[in-house]
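Accompanying notes for the structure given below.
There are 2 protein chains.
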Amino acid sequence: MRFLEDMTIGQRHEIGTFTFTADSIKAFAAQFDPQPFHLDEEAGKASLFGGLAASGWHIAAVCMKLMVADAQRDAAEAAKRGEPVASGGPSPGFRELRWLKPVLAGDTITYYKRVENLRPSDSRPQWGIMQARNTGINQRGEEVFSFLATAFVPRRPHAE
Amino acid sequence: MRFLEDMTIGQRHEIGTFTFTADSIKAFAAQFDPQPFHLDEEAGKASLFGGLAASGWHIAAVCMKLMVADAQRDAAEAAKRGEPVASGGPSPGFRELRWLKPVLAGDTITYYKRVENLRPSDSRPQWGIMQARNTGINQRGEEVFSFLATAFVPRRPHAE
Chain V
1 MRFLEDMTIG QRHEIGTFTF TADSIKAFAA QFDPQPFHLD EEAGKASLFG
51 GLAASGWHIA AVCMKLMVAD AQRDAAEAAK RGEPVASGGP SPGFRELRWL
101 KPVLAGDTIT YYKRVENLRP SDSRPQWGIM QARNTGINQR GEEVFSFLAT
151 AFVPRRPHAE
Chain U
1 MRFLEDMTIG QRHEIGTFTF TADSIKAFAA QFDPQPFHLD EEAGKASLFG
51 GLAASGWHIA AVCMKLMVAD AQRDAAEAAK RGEPVASGGP SPGFRELRWL
101 KPVLAGDTIT YYKRVENLRP SDSRPQWGIM QARNTGINQR GEEVFSFLAT
151 AFVPRRPHAE
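The listed protein sequences derive, respectively, from chains V and U.
For the first sequence, full-length UniProt numbering gives the first residue as 1, with consecutive numbering after it.
For the second sequence, full-length UniProt numbering gives the first residue as 1, with consecutive numbering after it.
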């Protein structure tokens, strides 16, 4: 997690990478989205997806998992440098969540974050509000997933 | 799953209900969103959420799970009546995904769907496109979760 003061608009950052194996697609679907085209190769081939396809919520949840891991890496690096460690706040919401192309078994998705807007919070002086465009790109360079995230980010503590 | 021809704009429908126990909140968070306020009661109390809070993606994934179960109930009932069974299509995306209030351990959320727009697909004559507003309401009647869903829905087969 970074502080508001460490971010710049336009900054692009690789969050992480994940390969959607058939097993991981089916395991998520069995828990949360048991539709045939997420559970079975043949049903996937017969669907509009054209193959065993990851649930959209799986694609989003993996992005979240990688975002948290990325923030934890940032925090560990800050601690190593002896700097104050930022701990993240809640997200008031995500907008324009889009699954642009299917993610099929075997596809590798790399997730990116681009900061689009930064401002201090009016009501909570120790927090700022960041808007970022998060995207997922497959191994052919195609954008498959996108959303606009709004999140509280902590402000760097000042010496009094 | 219903056919386009069976739906009307403004139709409101209860999708299902889920109680977010502390255990289910922590289990999802450990898999996909391991932030302290989703994993630990004390960290939750110290956060802006004010308690152990469900991951937003958990709230969304549970909604998906209940939507699939609801569609499967519809299909079973249609089959019992000897009617053709609709099988659902992919969702091109969700918009305006919002977590309006925290969902804390012990909260029970009832999810609803309200059909907002219906039209035949221009490019795929056997499909229609539905827009629906999905919401989650807690046991105090407060809206905690909302999104606009766009989904392909099958058209009722016609006798030639």
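Quick reminder that beta carbons are idealized off the backbone N, C-alpha and C, glycines included.
Please read all numbers here as calculations on a predicted model, not as lab measurements.
Taking 3 residues as the minimum length, the beta strand (DSSP E) runs contained wholly in the stretch 122-149 of chain V are 127-137, in order along the chain. For the 9 Å CB-CB criterion, residue 61 of chain U and residue 104 of chain U do not form a contact.
Within chain V, the residues whose beta carbon sits less than 8 Å from that of residue 97 of chain U are 93, 94, 95, 97 and 147, listed in sequence order. Using a Cβ-Cβ cut-off of 7 Å, residue 32 of chain U is close to 61, 64 and 65 of chain V, given in chain order. When beta bridges are read from the DSSP output, residue 118 of chain U appears opposite U/130. One alpha carbon belongs to residue 5 of chain V, the other to residue 21 of chain V, and they sit about 38 Å apart.
By the CB criterion at 9 Å, residue 120 of chain V and residue 73 of chain V fall outside the cutoff. Taking the Cα of residue 47 of chain V as reference, the smallest distance to any Cα among U/141, U/147, U/126 and U/145 is reached at U/126. Distance from the CA of residue 111 of chain V to the CA of residue 9 of chain U, rounded to the nearest whole angstrom, comes to 37 Å.
Here residue 67 of chain V has 15 as same chain residues with Cβ atoms under 6 Å from its own Cβ, once five neighbours each way along the sequence are excluded. Straight across, the Cα-Cα distance linking residue 97 of chain V with residue 98 of chain U is about 11 Å. Residue 55 of chain U counts as buried, since at least 16 other C-beta atoms from the protein chains shown sit within 10 angstroms of its C-beta.
Counting along the chain, residue 14 of chain U sits inside the beta strand (DSSP E) bounded by residues 12-19. Rounded to the nearest angstrom, the gap between the Cα atoms of residue 58 of chain U and residue 64 of chain V is 11 Å. Residue 118 of chain U sits away from residue 134 of chain U, with the two beta carbons spaced by 9 Å or more.
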